[in-house]
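> Numbering (the numbering used here), first residue to last: 942 to 1293. Backbone N, C-alpha and C define an ideal beta-carbon position, used for all residues, glycine too. Owing to the predicted nature of the structure, the values given are computational and were not obtained by experimental measurement.
1) For the candidate residues 1078, 1023, 1013, whose alpha-carbon lies nearest to that of residue 1295?
2) Are the beta-carbon atoms of residue 1098 and residue 1138 separated by less than 9 Å?
3) Can you name the start and end residues of the alpha helix (DSSP H) that residue 1061 belongs to?
4) Is there contact between the segment 974-989 and the segment 1004-1017, where contact requires at least three CB pairs shorter than 8 Å?
5) May I have the straight-line CA-CA distance separating residue 1274 from residue 1241, to the nearest angstrom?
6) Using DSSP with H/G/I as helix, E/B as strand and the rest coil, what is residue 971?
7) Looking at the unbroken beta strand (DSSP E) that takes in residue 997, where does it start and where does it end?
8) Is the beta carbon of residue 1161 sitting closer than 9 Å to the one on residue 949?
9) Return the Cβ separation of residue 990 and residue 972 in integer angstroms, given the expectation that the two are a contact with Cβ distance under 8 Å.
10) With H, G and I counted as helix, E and B as strand and the rest as coil, what does DSSP make of residue 1070?
11) Considering only their Cβ atoms, is the gap separating residue 1141 from residue 1131 smaller than 9 Å?
12) Under the assumption that residue 1125 contacts residue 1151 (Cβ atoms under 8 Å), give the Cβ distance between them as a whole number of angstroms.
13) Helix, strand or coil for residue 1041? Go by DSSP, reduced to three states.
14) Whose C-beta lies closer than 7 Å to the C-beta of residue 1083 among residues of the same chain, with five residues either side of it excluded?
15) Using beta-carbon positions only, say whether residue 1095 and residue 1060 come within less than 9 Å of one another.
16) Do you know how far the Cα of residue 951 is from the Cα of residue 1229?
17) From which residue to which residue does the alpha helix (DSSP H) around residue 1088 run?
18) Could you say which of 1169, 1164, 1149 lies nearest to residue 1182 if we only look at CA atoms?
19) Taking Cβ positions, are residue 1290 and residue 1259 nearer each other than 9 Å?
20) Grouping DSSP H, G and I as helix and E and B as strand, with all else coil, what is residue 1139?
21) So who's on the other strand from residue 1101, going by DSSP bridges?
22) If you draw a straight line from the alpha carbon of residue 1158 to that of residue 1103, how long is it in whole angstroms?
23) By Cβ distance, which residues of its chain are closer than 8 Å to residue 959, with the 5 residues on each side in sequence left out?
24) For residue 1122, name the three-state secondary structure that DSSP assigns.
25) Could you check if residue 1264 is buried or exposed, using at least 16 other CB atoms within 10 Å of its CB as the buried criterion?
26) Between residue 1169 and residue 1025, what straight-line distance do the alpha-carbon atoms span, to the nearest angstrom?
27) Look at the alpha carbon of residue 940 and the alpha carbon of residue 1243, and state the distance between them as a whole number of angstroms.
28) Give me whichever residues DSSP pairs with residue 1275 in a beta bridge.
29) With DSSP collapsed to three states, give me the class of residue 990.
30) Under the rule that 16 or more other beta-carbon atoms within 10 Å means buried, what is residue 1018, buried or exposed?
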């Protein structure tokens, strides 16, 4: 089963993804959504993508087939990246106004045109990240119909599905991650009807069994709060099987709960495994390796320290570590000049 880090604006930065890669070597990482317009109009777009990683997928936003194909062409001609995803799930007002994101679920033919144009120009097949419904269009027939149209008329076979509908008006992006009910059954049913597709489940996932019968699971906000979430979820799965728990539905999350309940359950269900994992984590190695990925001659910036803020989650001394990072970033000290102080603090917290 493939484990993926969901694309999140202002979260899945090159720095954050670099840290997750050090911790979890096999996880597929999504960039922040980058609009085709941004890529075409900015020669420094690579700072938003980061260093090449074979398991990293660049998520694109847009609704113009030509511009998106040109954006992909620009990237593949200047970098080694070859994996791209089309955002068909973001419900933010800004994205909706630009006529892309989740609003594209109402325009299946346009999605088809985008995928085919990109393939014809670059020989790259886009994957799709979408919802299970939009506004009043929340039946399984609508969801299945959208995926079926896209799959039948393009080479796209990879779908990352946030298992809740969204409202294009009336709810904020944050509310659209919490208010609409999760409905995993729609995703399971889609896989049963279209087993030849690669289906990845996103939304409130807290155990590997949630993805039973599917091809992958995707975690988002949980990883933002706990950078060891992928390792925790693996440990939780291992513990369940070692305790002779059966797999499948008995271990699956209850997708009928709302997001707040799921988030609370996430933290509770992973806590014991995380405590056990903490004893095995080499924080010094992880943080030293991470610092080594930064430009040593440039000053430590807020975007460099944000990924580390929750790394000592639940450990004594985490506050002093956060204060040190914030202080060093405020002083704009070169990374090379502050590494020793950071690593000494890491030793102190690790041993506390």
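With the structure as the only source:
1) Absent from the structure is residue 1295, since the part of the chain shown begins at 942 and ends at 1293.
2) yes
3) 1049-1063
4) yes
5) 6 Å
6) strand
7) 997-1002
8) yes
9) 6 Å
10) strand
11) no
12) 7 Å
13) coil
14) 1074
15) yes
16) 23 Å
17) 1081-1094
18) 1149
19) yes
20) strand
21) 1070, 1141
22) 10 Å
23) 991, 992, 1231, 1234, 1248
24) coil
25) exposed
26) 25 Å
27) This structure leaves residue 940 out entirely; the chain is present only between 942 and 1293.
28) 1240
29) helix
30) exposed
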